[in-house]
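For the sequence shown, the numbering used here assigns the number 1395 to the initial residue and increments by one for each residue that follows. Even glycine gets a Cβ: it sits at the ideal position worked out from N, Cα and C. Keep in mind it's a predicted model, so treat the numbers as computed, not measured.
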Amino acid sequence: MTDNTDEEYALRLSYLEQTDPNSLAVARLYLEMASNHTREEREAALKLFDAADEIFSFHLPTARDAAVAGLALSLNNRAALEIEAGEWDWAVDAACQAVELRQDRLRNCVGRRDDSERLDLGYSLAALVLALQGAGKLDLARDAASDAVEVLGTFAGMRNQDAFILLTKLIFIYADLCSRTDQLPNAGVLLPLAKAFYGARGKP
């Protein structure tokens, strides 16, 4: 982070900590600060992630939805940092935890649209795929990629650019992992996507 950014964060953090040092707002700021660190600043970032996670966990009994959402994002971003640093075991651990939390959030979406939760889970599964791939666990990476494609398949043919880009990347990664592990792609996962994409052709 730049000196100006550090000063801005310090001012915001000082104000929030004076109000309530254990608030979700403080946790979110710790998370934002950690996520802006590079792999060269890994140790500092991890301390901030730990501080954010501690506060999010503190709020689980009283503000569960917000706390779980924050904790899942923190773990997801921690996994991204560890992937960038080549710390594969730590990356796998963080990504697995993020996936579990976001699976729970998706399951709890009853009676309303779940696009946001589904896309979030897709991002965490993508992080898990990259972490497992980096750790040399190609069979597990392939299975995680298949899960990710299936989760994001709901977006096939829809006009959601973020989901479309992520889904397209994961399809290619899944196909590559199938080739590298001498396995055929799961037709049950890919055929519905092909039908959805084909059905969306020509629609305004």
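Contacts around Cys1503, its chain only, beta-carbon distance under 6 Å, and the 5 residues preceding and following it disregarded: The answer, listed in chain order, is Glu1511.
Under the three-state reduction of DSSP, which class applies to Val1504: helix, strand or coil? coil
Beta-carbon proximity list for Ser1468, same chain, < 6 Å, skipping 5 on both sides: Leu1425, Phe1443, Ala1446 and Asp1447
Which whole-angstrom value describes the C-beta separation of Leu1564 and Val1543, a residue pair presumed to lie in contact below a C-beta threshold of 8 Å? 5 Å
For my contact list, Arg1436 and Leu1475 are in at a C-beta cut-off of 8 Å; report their separation, rounded to the angstrom. 6 Å
Let me know the alpha helix (DSSP H) ranges lying completely inside the stretch 1415–1502, each 4 residues or longer, listed in chain order. 1418–1429, 1436–1452, 1458–1479 and 1482–1501
Neighbour-count burial assignment, Met1427, 16 or more Cβ in a 10 Å radius: buried
Measuring CB to CB, does Leu1495 end up less than 8 Å from Ala1557? It is not a contact, given that the beta carbons lie outside the stated cut-off.
Using C-beta distances below 8 Å, list every residue in its chain close to Ser1546, excluding the 5 sequence neighbours before and after it, in chain order. In the sequence under discussion, the amino acid at residue 1546 is Leu, which differs from the Ser named in the question. Once the five neighbours on either side are set aside, the close Cβ partners of Leu1546 are Arg1512, Leu1513, Gly1516, Ala1557, Leu1560, Leu1561 and Leu1564.
Using only CA atoms, which one of Lys1441, Pro1579, Trp1482 and Trp1484 lies nearest to Ala1539? Pro1579
Only counting the same chain, and skipping five residues up and downstream in sequence, which positions put a Cβ closer than 7 Å to that of Asp1541? Leu1519
Residue from Asp1414, Arg1472, Gln1577 and Glu1411 whose Cα sits closest to the Cα of Leu1534: The residue among Asp1414, Arg1472, Gln1577 and Glu1411 with its C-alpha nearest the C-alpha of Leu1534 is Gln1577.
Grouping DSSP H, G and I as helix and E and B as strand, with all else coil, what is Gln1412? helix
Rounded to a whole number of angstroms, what is the C-alpha to C-alpha distance between Asp1483 and Asn1471? 15 Å
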